[in-house]
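Chain order of the listed sequences is G and X. Using our numbering, the first residue of the first sequence is number 140, and each one after it goes up by one. Using our numbering, the first residue of the second sequence is number 301, and each one after it goes up by one. For each residue, glycine too, the CB sits at the ideal point set by N, CA and C.
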Amino acid sequence: MDAVSEVRDGLGGEMKDHSTRLLRVLLIAGFGGLLAIMLIAGFTALRTLGELHRAEEEARREYLKKNQALNTVNLVVHSYTDQVEQYLLDNPPVATAPTFETQVDQLFRDANAALVQYPDSGDPMELSLLAEMKSQLRDQEKMFRSVLAMPPQDRQRQGRNAVNRDLIPGRLQLLNATQQVAALNRQKQEQTDSQLFAKFGHLRMRVTWMLLLGLAAGLLLSLMCGIYILRLERQARRRYEEIAKSQQDLERLSARLVDAQEAERRALSRELHDEVGQSLGALLMDVSRLKSRLSQNENLQDELDHMRSVAEKTVATVRNMSLLLRPSMLDDLGLVPAVEWQGREISRRSQLEVDVQASDIPDDLPDDYKICIYRVVQEALNNAARHASAHHARVELRRSQRLIEVSISDDGSGFDAERVRGMGLLGMEERVRRLGGTLLIESKLGQGTKVRVQLPTSVPYTQEHAEIANTARG
Amino acid sequence: MRKLRILLADDHKLMRGGLRLLLEQQPTLTVVGEADDGRQAVEKASSLKPDVVVLDIGMPNLNGIEACAQITQTSPTASVVMLSMHSDEAYVLRALKAGARAYLLKDSAESDLVRAVQAVSEGKSYFSPAVSKVLLEDYVRKLQRSGVEDSFDLLTPREREILQLVAEGKSNKDVANLLNLSVYTVETHRANLMQKLNLRSVPELILYAVRKGIIS
């Protein structure tokens, strides 16, 4: 059942893995896209702004240039007409002819230069106006030349005429043309301005759109991120729960293992002791009886003796096995005598002399406690005798208000308690932990070992334990 | 001569059968009853009034030691022979404290049982040689390894005499009569020797005597 659900979990997990990977790719792409949108938007906005700025600058410069040219022309026209008028009407003339000529020549050159420099915008109306201005200027120049060529008396006579006929209308025409061009220029400038404004508006629109797009993408992304994070959180929580559960399972399993092991041992021990041992005992007695009945037959006596010694050896083996599996002393005598027996048993087999001190240990300890303490002592003494080659060990059993304290110390070679964790030690820890107690091992190389166990005296005795114990008894 | 009446208590039928055969080979002995467990043993001991009860130490319901304690209370005329798989002093001492007079290993029951039954019927103690051997070995080894002097050497000849007699089950009065001493003197000697040997009770004294091979 567990295995099946695990497999299903596995498949589901794979699918989820897949969708998570997809989501991750989407997120990365999304972030990339968002970044790209921002970059493009910023870049285009900057560039367009630059362009607009440049165009505006250019238009302004052109406008100013044109204005300047027109002003020059205006100025030239005014000053030229004034001078010519003065020249023609004043008598005698203020300026001598050559000075006047150079002055007016200079004025024409300025006007022509201004018109030549006038930027060509390709507008036919402007061009025709300019052409007209040029031709007017040429006419005026021609007239001026003719005025210059006049002898002073003609000048006196025809001067007024020339002024009225040629000079004033020409000036009017020229000024009129300049005004028209200026108006055109202004109009054009206004047009350019409005174009720029339109472009700017367009840009603003585009930037707004880009921003909106970015915002939308950002919202989408944060939504996806939220989903992703939620999913990760959920996964983490599930993992944690799974781990916690498997840890719990493990603990329960190991507790069950200890219980089951103990139950199994007890059953085996009982079987060995009660069935095998007793039958062998009966057999031994039969052999003895047979021997006394057949006391006259020497050969048979020897064979019976042999049978007897074999049976005796077997009985001893079976008894030792049975005791190793389950120390019946615990049931027959109680904890303290059983621990004392264990100590003597160890000293019979090894160099280790064990001293047991017990105070105030109640006889009615639960079986769990008895077996736990007994096994811990057994393990510690065995380690002391076998691995640490200790000569003396001291077992102390004490009972305080809420604790049973057990300590086993030896004078053996010790070990590095931080690093070494054999199966035996793990078994001890497991047994103690199950009863809610603590196990402490103090040992250093060359300094002996002290194992200390503290067991709380009130521990919930769970149904599970009781069941296992019952199956063991049955 | 009246036959010795014996009650057999062992939870194993095979074993019981063997023991019964063994005992009834002797013309002076008769098995008057059998019990499957400790509780039955206590009941039959009070109803059958046997001279000797042979008790297996490991029995269901009520183990041999508990049963022994109850039998010595309710049927003081019956002497108890304890049968056990264990030669360890923890068992021997518990059996003695419960009032058993003899302690036999099951493996050697067939050679020792008859002797043990006869000994307890005469008010003496009996221990399987194997038990005495184990007790002595444990004792000697402990003395050697801990480097302690054998306190037995501290006893006077008179105290050793009294130790043996008490261990054999004699009362202070019997001892006084045997040695031509006053009861008071015997009590003093006894207290002294128990203090020297660091013994606190008669069962411990008996165990000590067995251990030293003073009685068997």
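N-terminal and C-terminal residue of the beta strand (DSSP E) that residue i is part of
i, result
"Q496(G)", "492 to 497"
"T330(X)", "329 to 335"
"S582(G)", "577 to 582"
"A402(X)", "402 to 405"
DSSP bridge partner residues for residue i (one or two, in chain order)
i, result
"L595(G)", "In the sequence on display, residue 595(G) carries Pro and not Leu. Its beta-bridge partners are L542(G)."
"V352(X)", "I306(X), S379(X)"
"L536(G)", "A497(G), V545(G)"
"K589(G)", "S548(G), E581(G)"
"S384(X)", "L405(X)"
"Y426(X)", "A402(X)"
"H531(G)", "E492(G)"
Within chain X, the residues that residue i reaches when beta carbons sit closer than 7 Å
i, result
"R644(G)", "Outside the shown range of chain G (140 to 613) lies residue 644(G), about which nothing can therefore be said."
"R458(G)", "M385"
Chain-ordered chain X contacts of residue i [CB-CB under 9 Å]
i, result
"V495(G)", "Going along chain X, no residue has its Cβ under 9 Å from V495(G), so there is no contact; the nearest lies around 10 Å."
"E492(G)", "R441, K442, R445, S446"
Closer than 7 Å at the beta carbon, the chain G residues around residue i
i, result
"I462(X)", "Those within 7 Å of I462(X) in chain G number zero; the least Cβ separation is about 28 Å."
"L314(X)", "Q417, S418, A421"
"A409(X)", "M424"
"I306(X)", "Result: empty, since nearest Cβ-Cβ is about 16 Å, beyond 7 Å."
"Q406(X)", "It should be noted that the sequence gives Lys, not Gln, for residue 406(X). Neighbours of K406(X) on chain G, chain order: G420."
"G318(X)", "A421, M424, D425"
Residue i burial status per 10 Å Cβ neighbour count (16 or more: buried)
i, result
"H445(G)", "exposed"
"N324(G)", "buried"
"T238(G)", "exposed"
"E334(X)", "buried"
"T374(X)", "exposed"
"A605(G)", "Bear in mind that a pLDDT of 47 at A605(G), under 50, signals an unreliable position, so the number given afterwards is only what the model happens to contain. Label assigned to A605(G): exposed."
"R316(X)", "buried"
"V342(X)", "buried"
"G318(X)", "buried"
"P476(G)", "buried"
"T610(G)", "Summary for T610(G): the model assigns pLDDT 49, below 50, so the residue's position carries little reliability; its value from the coordinates is reported in the next sentence. T610(G) should be labelled exposed."
"Q340(X)", "buried"
"G340(G)", "exposed"
"T377(X)", "exposed"
"P457(X)", "exposed"
"V449(G)", "exposed"
"P350(X)", "buried"
"D388(X)", "buried"
For residue i, the first and last residue of its enclosing alpha helix (DSSP H)
i, result
"A375(G)", "307 to 409"
"S461(G)", "437 to 464"
"D470(G)", "467 to 471"
"V440(X)", "429 to 446"
"L322(X)", "313 to 324"
"H489(X)", "483 to 496"
"M289(G)", "Run containing M289(G): none; DSSP gives neither H nor E here."
"G399(X)", "Run containing G399(X): none; DSSP gives neither H nor E here."
"Y508(G)", "506 to 525"
"P476(G)", "474 to 488"
"A367(X)", "364 to 374"
"K287(X)", "Residue 287(X) falls outside the range modelled here, since chain X spans only 301 to 516, and no answer is possible."
"D259(X)", "With chain X covering only 301 through 516, there is no way to say anything about residue 259(X)."
heavy atom of the ligand MN below 7 Å from residue i C-beta
i, result
"K344(X)", "Of ligands this structure carries none, so the ligand MN is not represented either."
Partner residues on chain G for residue i, Cβ-Cβ distance less than 8 Å
i, result
"I592(X)", "This structure cannot settle anything about residue 592(X), because the visible part of chain X is limited to 301 through 516."
"N363(X)", "D470, D471"
Where residue i meets chain G, residues with beta-carbon distance less than 9 Å
i, result
"L321(X)", "M424, D425, R428"
Neighbour flag for residue i against chain A, beta carbons, 8 Å
i, result
"L209(G)", "Annotation note: the requested chain A is absent from the structure, which comprises protein chains G and X."
Closer than 9 Å, Cβ to Cβ, to anything on chain G: give me those residues from the stretch 426 to 445 of chain X, in chain order. V434, E437, D438, R441, K442, R445
Identify each residue in the stretch 387 to 398 of chain X for which the Cβ-Cβ distance to at least one residue of chain G is less than 9 Å, and report them in chain order. Close to chain G, meaning a Cβ-Cβ distance shorter than 9 Å, are the following residues of the stretch 387 to 398 of chain X: D388, E389, A390, Y391, L393, R394.
Can you give me, in chain order, the residues of the stretch 474 to 488 of chain G that have a beta carbon less than 8 Å from any beta carbon in chain X? P476, A477, E479, W480, R483, E484, S486, R487
At a CB distance below 7 Å, what residues from the stretch 424 to 456 of chain G approach chain X? Give them in sequence order. M424, D425, S427, R428, E451, V454
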